[in-house]
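Note that our numbering has the sequence shown beginning at 113, numbered continuously upward. Cβ atoms here follow ideal geometry from the backbone N, Cα and C, with glycine treated the same way.
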Amino acid sequence: PQWYHTLDLGAGVVTRGWFDARAVAAALPIPADLTGARCLDVGTFDGFWAFEMERRGAAEVVAIDLLDRWAWDWPRQSQPDVADELGVRQNEGTGFELAKAALGSRVERRELSVYDLDPQTVGHFDFVYMGSLLLHLKSPVAALEAVRTVCRGQLLSVDGIDLGLSLLFPHRPVAELDGIGRPWWWKPNVAAHARMVESAGFAVVGRPRRLLMPPGEGQPREPLTWPSVRYKAGRNAVLRSWKGDPHSAVLARPA
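Next comes the structure, spelled out in structure tokens:
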């Protein structure tokens, strides 16, 4: 598969991921010791965060994702070839299964939409990681509300942000709406990311933080040319592929 996450599988084998979150994992407010905790990874893809929580001692880790690309939040006018191209990246979850086998992991993956999280079917969790997913959802607050029903401890939401809006409006919640042709919907500033979490019934713990999600070896470098930096999309592509994708991390607990 085309790996999304950089994963150290042991014996000198490291996947060529689109993103390399290994250094970020050490800096985020994830408990260093999750011994005895029941954890949830929302939108797991190759499973990096699920395996990380297991490595930190979690007693049980459930990872959810949607392998059926047609079940994603597609805008009405999206074309089938775009869906096929994005589906190739996930490759029916092959990366997760390969990594799980190589790591000897006990993480349980379920094909489940975040909107359908229900304590009657999945139970409750002490720690929930939700990463790089809100921007792909038509209704991010509704998704966070569903997460709220199964979270009895803490939620860490780490998601893509609009860096320019974050610098221009450090305290005012604003977001850019895409929603054309592919499942890229909302790009909030840091304040709007925190407000989404609060609106879903969480209380934010501490101050949200900005970070760059570092590119992995599997992500090609955008050439630094005048056409590439002339427009916002090009500048964002250059920043993402050379330095990292702007994200913010919001730690919260049920209000």
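Measure the alpha-carbon distance for ARG260 versus GLN266 and round it to whole angstroms. 10 Å
Using 10 angstroms around the beta-carbon of ARG368, count the other beta-carbons present and answer buried if the total reaches 16, otherwise exposed. Here the chain comprises residues numbered 113 to 367, so residue 368 is not present and cannot be evaluated.
Span separating the alpha-carbon of PRO320 from that of GLN189: 35 Å
Out of THR127, ALA213 and ALA287, which one is the CA nearest neighbour of LEU275? ALA287
Terminal residues of the continuous alpha helix (DSSP H) containing ASP145? Counting along the chain, ASP145 falls outside any alpha helix (DSSP H), and DSSP gives it neither H nor E.
Let's see if you can read the secondary structure: which residues bound the beta strand (DSSP E) around ALA361? 357 to 366
Residue nearest to GLY207 in terms of C-alpha spacing, selected from GLU172, ASP177 and ASP357: ASP177
Do LEU140 and LEU247 come within 8 Å of each other at the CB atom, strictly closer than that value? no
Near LEU152, which residues of its chain fall below 6 Å by C-beta distance, leaving aside the five closest residues on each side in sequence? VAL174, PHE237 and VAL240
Taking 8 Å as the threshold (C-beta atoms), are ALA258 and TYR227 in contact? yes
So, helix, strand or coil for SER269, using DSSP? strand
What span of residues does the beta strand (DSSP E) with PHE314 cover, start to end? 314 to 316
VAL144 versus TRP338 - alpha carbon distance: Checking the sequence, you will find Ala at residue 144 rather than Val. Between ALA144 and TRP338, the C-alpha separation is close to 44 Å.
Could you tell me which of SER311, ALA135, GLU209 and VAL316 sits nearest to GLY159, measuring between CA atoms? GLU209
Quick check: what's the CA-CA separation for GLN114 versus ARG181? 15 Å
Looking at C-beta atoms only, is the number of pairs between the stretch 289 to 306 and the stretch 339 to 346 that lie closer than 8 Å three or more? no
Candidates ILE142, VAL154 and LEU215: which alpha carbon is nearest ALA123's? LEU215
Can you find the residues in the same chain that come closer than 6 Å, C-beta to C-beta, to ASP120, ignoring five residues on each side of it along the sequence? VAL126
Report the rounded CA-to-CA distance for PRO332 versus PRO326, giving the unit in angstroms. 12 Å
I want to check one thing, is the minimum distance from the CB of VAL174 to the heavy atoms of the ligand ZN below 7 Å? Of ligands this structure carries none, so the ligand ZN is not represented either.
Using the Cα positions of ALA358 and ALA170, report the straight-line distance between them to the nearest angstrom. Before going on, a small fix: residue 358 reads as Pro here, not Ala. Taking the straight line from one Cα to the other gives about 28 Å.
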